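Heads up: the sequence shown begins at 949 in our numbering, then just goes up one per residue. The next block holds one structure in the form of structure tokens; read it before the comments.
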Amino acid sequence: MGKDVIIACDFDSAEKTLAFLDRFKGRKPFVKIGMELFYSAGPQIVREIKARGHRIFLDLKLHDIPNTVKKAMAVLSSLDADIVNLHAGGTTAMMEAALEGLTRPDGSRPLLIAVTMLTSTDQTAMEKDLWIERPLQDVVMHYAENAKNAGLDGVVCSPLESPAVHERCGADFLTVTPGVRFADGAVGDQKRVTTPAKARELGSDYIVVGRPITGAGDPVAAYERCLAEFADR
Ligand code: C5P
């Protein structure tokens, strides 16, 4: 798979999401379904968007005991998403169990990627709340390596972290990167942002773009602009 743009469909209902996707006419963008949409519309929204021909990143960030995650992943596997994820903080044992649960009897499975440290967690919160006293960047890289060693396919990270992740975990280890904004666009609540073109330069494999597309006057044009700057086509 070449570099592609994933649209974060952060809507609170199936109706809004499908109406949004209808605007793309024949095009079938890669879609991210997160907690908000999944909890409001249920697994059926995954089946429906898949049936319309889109690829899906199911961003549910699982984190529980290994056995529970393994069983939950087996259920998610049957939804036929293309990418699913979990928190690397759940430990290597949890990530290995997740892979096992995700793998279908015929050996096929969705790609599995890990969230390292959430970008909303800064050094201070990590030290005060989590009692982790290492530099944040070292923690992110350590979690990425754990994910790699557990057999996962990649991580969610900032485009700015893509070069270091690829260097440490290999060029084939996927970096799926949110925090993307157009050079002339609003930044919103994202702290460290890059343009789609810069994300490409830094080696991101997929960019996850929400509001710059969903909030645009012309979302299809905004999507095309992302593709033109970032994608392999
Ligand atoms: O609207 P925006 O482009 O900021 O959307 C980015 C998407 O990526 C959102 O769905 C957000 O939850 C997700 N995300 C993020 N930062 C992370 C992990 C996920 O922005 N570290």
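Here a beta-carbon is modelled for each residue, glycine too, at the ideal position from N, C-alpha and C. It should be emphasised that the depicted structure is a prediction, and the values quoted were computed from it without experimental measurement.
- Within the chosen limit of 7 Å, the ligand C5P does not reach the beta carbon of V1087 with any heavy atom.
- In the DSSP annotation of this structure, T1143 is not part of any beta strand (DSSP E), being labelled neither H nor E.
- Rounded to whole angstroms, M983 and I1061 show a C-alpha spacing of 16 Å.
- In the DSSP assignment, T1123 falls outside any alpha helix (DSSP H) and lies within the beta strand (DSSP E) extending over L1122 to T1125.
- Counting along the chain, the unbroken alpha helix (DSSP H) around I997 starts and ends at P991 to A999.
- Taking 7 Å as the cut-off, the C-beta of P1144 does not count as close to any heavy atom of the ligand C5P.
- In this structure the segment 1151–1158 touches the segment 1125–1137; the number of beta carbon pairs closer than 8 Å is three or more.
- Under the DSSP assignment, F972 falls outside any beta strand (DSSP E); it carries neither an H nor an E label.
- Nearest Cα to L1059 within the set A967, L1027, W1079 and L1078: L1027.
- At the C-beta level, V979 and H1011 stay beyond 8 Å of one another.
- Judged by their CB atoms, K976 and F1178 are not nearer to each other than the 8 Å cut-off.
- Within the segment 1024–1083, the complete beta strand (DSSP E) segments at least 3 residues long are 1031–1035 and 1059–1063, listed from N- to C-terminus.
- Taking the Cα of T1051 as reference, the smallest distance to any Cα among G1038, D1030 and T1064 is reached at D1030.
- Just measuring C-alpha positions, the residue of S1106, T1072 and G1055 sitting nearest V1088 is S1106.
- If you look at L1150, you'll find it isn't in any beta strand (DSSP E); DSSP assigns it neither H nor E.
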